[in-house]
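Peer 1: My questions will all concern the structure given below.
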Amino acid sequence: MTRQALILLASCAVGALSTGTAAVAQTAPAANSRPVAVEEVIVTADRRERKLQDVPSAISAITEQALERSRIVDLSSLSTTVPSFSMTESSALGKELSIRGVTSVRILDATAEPSVGMFVDEVYLSRMGSAFTDFYDLERVEVIRGPQGVLLGKNVVGGAISVITAKPKFDPSGATTISFGNYDSVMANGYVTGALTDDLAGRVAFQVRNRSGYSKNVVLGGDMDNLKSYQGRGGLLYRAPDADLQVLATFDYGSDETDGTARVMTDDPFAAGTGAVAAWRAARGLGPRDATSPQHEYSRRITRGAMLRVDWGVFEGAKLTSITGYRSSKGVMGFNQLGIGSPPGLADTFYSTSEKPETISQELRLVSDNPDSRFDWILGAFHQSDDVTRYDSNVATTSTTIPALSGTFLYTNKADLKTTAVFGQIGYKFTDQLKATIGLRYTMDDKSGTRLAQCLEDGGDGLCVAALVLAKGQSFTVNYGKDWNALTPQGIIEYRPNDNVMIYGSVAKGFKGGGWDHLPSTAAAAAIGYDPEKATNYEIGVKSDLFDRRVRLNLAAFKMDYKDLQSQQLVLECLCLITSNAGTAEIKGLEAEGTWAVSEDLTLTASGSWLDAKYKNFVDGAGVVFSGNRIQRSPEYKFDIGANYVFGIGEWDQAFSLQTNYTKQGKSYWTPANTFAQEPFGLWDASLRVQPPGAAWSVTVWGKNLTDELYAVAAQTFFGDLMNYYAPPKTYGVDLKYEF
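Structure below.
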């Protein structure tokens, strides 16, 4: 969707808003017909339960039913449908989220943190390696766009993803689904819930996924980009019979593994380089799904988590909420750096990494609970402690054509990360139409750790493999540490011309903590950190339910001033990634989301975003000027259109449900240099669900990426070649579901 199209949509919306809800005449529905209206969604983005249309912020809320209809099973499939949201994926452990052009690009160190926050049941997940689990047995997913520095805290510079799992219920119910698809795909999931006593309910859920690879290793044989995944969750809900008290405890476990992610080299048309690998592949007729790694690759991960939430009405008009979270994980990964051996590889290297984080967090919130008052308020405190141990090793053989790359290094990093915050927010209704809200959060970050770097082998040239500037047998140990603090305020004005329209304006600040480089070349470099990044967001928006709630139209326009972006650059002299603060940037954008309940059988949806995201002042450590370039990994536009049609055949009234979506994403650049890009691409998904009247079973036939579009979800430059990580190809299958 272009900027002109979004502006036209906004202009139409203004016309519609000025007429209120009586803009068109409605024919009275038949007595036996279902009400025709857009589904109401309850969200907790501002830490209290409210209707989506009552929250003055740009939020996409995807319900359990919408997740199932569009077969959104993980973050990757979610990212294709939400405005201003995208994701890159270079491995099972290397996934990076981007909202409104704000992203963390290969920030891998134990001290590094994402620019987009990830929450599960309001518990913050600080490490990407433990954050990415399957979507199953969920109530909804909320994508919150823009800095959320008051209520959600640090590392929510671009926005946040909030996953809300399904809770135990006292009424018994359950469901199970088994799915079969191409690439030998088999998936099974299910849940059961019900009362254990008069005051206690329980719920258990699981999901298993297994499929062969999208790519083949033509050197060793066997699959790559395959998957084995096992996930489980349990919960207990206690409701006190004679007090306003509710306690929820949940536990989850997950494991997944693959035989590596295929990296396919193609020639970089913008760099002279050697083009050796791309030419070698072309001469052998290798396709984009043919991997050539000479070594067995792997990626394995185990995650564990627990949460205890207490909601207590401590006194009339206020509720105290305590959320205690615990998470631990272990991820290991090993891969050939180029995905090809020597010759003709410029570097025949095998890289392996292991990360083990353990996190404990505690949040306390006192929230007003008096709908008759003109005041509403929130007071809170938060503390989180992370212990992260990470090992990185690179083994390069003497067969490499670059002597500086021969040898072996080992980095060990043990980091202790602590963050503490206090926050508050107060809102006041001047009239039934006008409300103002202000909030403030003070955050203290304390990071420290010890890094050991060792050169185990020099390959015969007297120096270890780059980026480590040491000879064989040499090492260095560096103790590092620093603390930061930040004030992140927010102000919001809401105006409601009628019961179905809200117009809002807001100013909000967000920040992400600083850290240290991932693989420093020297002891001196290991002691030098990079600064926090900060953003100030100015936003106006409209939320509207029109024509007796048959049409929902939400619009947002924003401008973000971005300072000290944390960005990594590949330095070819040492083949090392150097983190630097990228000066300043400016991001402007428009977003639109619409739903039209055309009839009781047909619902149409559309969403789109336009981004003008550019570096204002960015000169990297090598003196290269990127000022004026587009921010990497920020597509200029993105839109999604969808339809859901329910129909019957004969006596099977309303038994069939057809869902289809088409998504288009514009051009985006992989580096700040803007020298090569992912060109625009489109994705078409569709499904047909059949459930006979009164039946407990259903069958769904589905397809994803039905046109088999080839596009990269991540890419890196390397000596005149591009290292591409391709998205899944066309997939299709059938789901069999039984509810009880």
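Under the working numbering, read the sequence shown as residues -12 to 727, first letter to last. All C-beta atoms in this analysis are idealised placements derived from N, C-alpha and C, irrespective of residue type, glycine included.
Classify A10 as helix, strand or coil using the three-state DSSP reduction.
Peer 2: Translated into positions along the sequence shown, residue 10 becomes position 23. Below a pLDDT of 50, predicted positions are generally treated as unreliable, and A10, at 35, falls in that range; no measurement from the model is reported.
Peer 1: Tell me which residues share the same chain as I480 and place their Cβ nearer than 7 Å to its Cβ, disregarding the 5 neighbours each side in the sequence.
Peer 2: The count along the sequence shown starts at 1 and reaches residue 480 at position 493. Excluding positions up to five away in sequence, the list reads A423, Y491, G492.
Peer 1: Between R296 and L235, which are expected to be in contact by the criterion C-beta below 8 Å, what is the C-beta distance as a whole number of angstroms?
Peer 2: Taking the first residue of the sequence shown as 1, we reach residue 296 at position 309. Taking the first residue of the sequence shown as 1, we reach residue 235 at position 248. Indeed they touch by this definition, with Cβ atoms about 4 Å apart.
Peer 1: To the nearest angstrom, how far is it from the Cα of V456 to the Cα of R271?
Peer 2: Against the sequence shown, residue 456 aligns to sequence position 469. Against the sequence shown, residue 271 aligns to sequence position 284. Approximately 37 Å, taken between the alpha carbons.
Peer 1: What residue range is occupied by the uninterrupted beta strand (DSSP E) comprising S733?
Peer 2: It is not possible to answer for residue 733, since the shown part of the chain is limited to -12 through 727.
Peer 1: Relative to the alpha-carbon of S614, which residue among D171, Y398, L214, T658 has its alpha-carbon at the smallest distance?
Peer 2: On the sequence shown, residue 614 is found 627 positions in, with the first residue counted as 1. Closest option to S614, Cα to Cα, is T658.
Peer 1: In angstroms with no decimal places, state the Cα-to-Cα distance between R58 and R314.
Peer 2: By 1-based counting over the sequence shown, the position of residue 58 is 71. By 1-based counting over the sequence shown, the position of residue 314 is 327. Distance between the alpha carbons of R58 and R314 is about 27 Å.
Peer 1: What first and last residue would you give for the alpha helix (DSSP H) that runs through S66?
Peer 2: In the sequence shown, the residue the question calls residue 66 occupies position 79. From DSSP, the alpha helix (DSSP H) with S66 extends over 62 to 66.
Peer 1: With distances taken Cα to Cα, identify the nearest neighbour of P680 among F668, P476, A99, F634.
Peer 2: Here the question's residue 680 lines up with position 693 in the sequence shown. It is F634.
Peer 1: DSSP three-state call for E481: helix, strand or coil?
Peer 2: As a working note, residue 481 is residue 494 in the sequence shown. Three-state result, E481: strand.
Peer 1: Do you know how far the Cα of D277 is from the Cα of Y713?
Peer 2: Against the sequence shown, residue 713 aligns to sequence position 726. Against the sequence shown, residue 277 aligns to sequence position 290. For Y713 and D277, the distance between alpha carbons rounds to 11 Å.
Peer 1: Just confirm the distance between the C-beta atoms of R127 and I49, as a whole number of angstroms; I'd bet it's less than 8 Å.
Peer 2: Position 140 of the sequence shown holds residue 127. Position 62 of the sequence shown holds residue 49. Confirmed, Cβ separation roughly 6 Å.
Peer 1: Can you tell me whether L39 is buried or exposed, with buried defined as 16 or more other CB within 10 angstroms of its CB?
Peer 2: Numbered from 1 along the sequence shown, position 52 holds the residue referred to as residue 39. Buried: at least 16 other Cβ atoms inside 10 Å.
Peer 1: Quick one: grab the DSSP three-state call for E51.
Peer 2: On the sequence shown, position 64 is the one that residue 51 refers to. In the structure shown, E51 sits in a helix (DSSP, three-state: H, G or I).
Peer 1: What is the DSSP secondary structure of D41, reduced to helix, strand or coil?
Peer 2: Residue 41 sits at position 54 when you count from the first residue of the sequence shown. It is helical.
Peer 1: For the 8 Å Cβ check, are there 3 or more pairs between the stretch 400 to 409 and the stretch 357 to 370?
Peer 2: yes
Peer 1: Expressed to the nearest angstrom, what Euclidean distance is found between the alpha-carbon atoms of G300 and T237?
Peer 2: Working through the sequence shown from its first residue, we reach residue 300 at position 313. Working through the sequence shown from its first residue, we reach residue 237 at position 250. For G300 and T237, the distance between alpha carbons rounds to 21 Å.
Peer 1: How should D239 be labelled, buried or exposed, when 16 other C-beta atoms within 10 angstroms of its C-beta is the threshold for buried?
Peer 2: For the purposes of this step, residue 239 is identified with residue 252 of the sequence shown, where counting begins at 1. Buried, since its Cβ has 16 or more Cβ neighbours within 10 Å.
Peer 1: Report buried or exposed for W684, applying the criterion of at least 16 other Cβ atoms within 10 angstroms of its Cβ.
Peer 2: Counting from one through the sequence shown, the residue named residue 684 turns up at place 697. Classification for W684: exposed.
Peer 1: Looking only at its own chain, which residues have a Cβ that is under 8 Å from the Cβ of D695, when we skip the five neighbours before and after it?
Peer 2: Start at 1 with the first residue of the sequence shown, and residue 695 comes out as number 708. The answer, listed in chain order, is P716, K717.
Peer 1: For Y429, I'd like the list of residues in its chain whose CB is within less than 6 Å of its CB, leaving aside the five on either flank, ordered along the chain.
Peer 2: Here residue 429 corresponds to residue number 442 of the sequence shown, with the count starting at 1. Its chain contains V409, L474 as the residues whose beta carbon lies nearer than 6 Å to that of Y429, once the 5 sequence neighbours on both sides are disregarded; these appear in chain order.
Peer 1: Going by DSSP in three states, R268 sits in which element: helix, strand or coil?
Peer 2: Numbered from 1 along the sequence shown, position 281 holds the residue referred to as residue 268. Three-state DSSP puts R268 in a helix.
Peer 1: Does the distance from the CB of G570 to the CB of N604 come in under 8 Å?
Peer 2: Reading the sequence shown from its first residue, position 583 is the one you call residue 570. Reading the sequence shown from its first residue, position 617 is the one you call residue 604. Taking 8 Å as the Cβ cut-off, G570 and N604 qualify as a contacting pair.
Peer 1: Tell me which residues share the same chain as Y217 and place their Cβ nearer than 6 Å to its Cβ, disregarding the 5 neighbours each side in the sequence.
Peer 2: What you label residue 217 is simply residue 230 of the sequence shown in a count that begins at 1. The answer, listed in chain order, is V195, S242.
Peer 1: So, at 7 Å on beta carbons, what are the nonlocal neighbours of N661 in its own chain, with the 5 sequence-adjacent residues on each side left out?
Peer 2: Within the sequence shown, residue 661 is the residue found at index 674, counting from 1. Shown here for N661: same chain residues with a beta carbon closer than 7 Å to its own, the five before and five after excluded, namely N616, R617 in chain order.
Peer 1: Which class does A514 belong to by DSSP, given the choice of helix, strand or coil?
Peer 2: Counted from its first residue, the sequence shown places residue 514 at position 527. Three-state DSSP puts A514 in coil, outside helix and strand.
Peer 1: Run the CB neighbour count on V700, radius 10 Å, all protein chains shown included, and call it buried at 16 or more, exposed below.
Peer 2: One-based indexing of the sequence shown puts residue 700 at position 713. Its Cβ being crowded by 16 or more others within 10 Å, V700 is buried.
Peer 1: Do G629 and D599 have their C-beta atoms within less than 8 Å of each other?
Peer 2: Here residue 629 refers to the residue found at position 642 when the sequence shown is read from its first residue. Here residue 599 refers to the residue found at position 612 when the sequence shown is read from its first residue. Their beta carbons are not under 8 Å apart, which means G629 does not touch D599 by this criterion.
Peer 1: Answer yes if the stretch 207 to 215 comes into contact with the stretch 174 to 181, meaning at least three C-beta pairs across the two stretches below 8 Å, and no otherwise.
Peer 2: no
Peer 1: Looking at the strands, I want to know which residues DSSP matches up with E36.
Peer 2: To locate residue 36, count along the sequence shown from 1; it is residue 49. Per DSSP, none; premise fails for E36.
Peer 1: Please state whether DSSP places G181 in a helix, a strand or coil.
Peer 2: Taking the sequence shown and counting its residues from 1, one reaches residue 181 at position 194. Here G181 sits in strand by DSSP.
Peer 1: Applying the criterion that 16 or more other CB atoms from any shown protein chain within 10 Å of the CB defines a buried residue, is D627 buried or exposed?
Peer 2: Reading the sequence shown from its first residue, position 640 is the one you call residue 627. The residue in question, D627, is buried, as its Cβ has 16 or more Cβ neighbours within 10 Å.
Peer 1: If you pair each beta-carbon of the stretch 201 to 211 with each one of the stretch 129 to 142, do three or more pairs fall below 8 Å?
Peer 2: no
Peer 1: Look at T464 and L439 and say whether their C-beta atoms are less than 8 Å apart.
Peer 2: As a working mapping, residue 464 is identified with position 477 in the sequence shown. As a working mapping, residue 439 is identified with position 452 in the sequence shown. Against a cut-off of 8 Å, the Cβ pair of L439 and T464 comes out as a contact.
Peer 1: Please classify R377: is it buried, with 16 or more other beta-carbons within 10 angstroms of its beta-carbon, or exposed?
Peer 2: The count along the sequence shown starts at 1 and reaches residue 377 at position 390. Burial call: buried.
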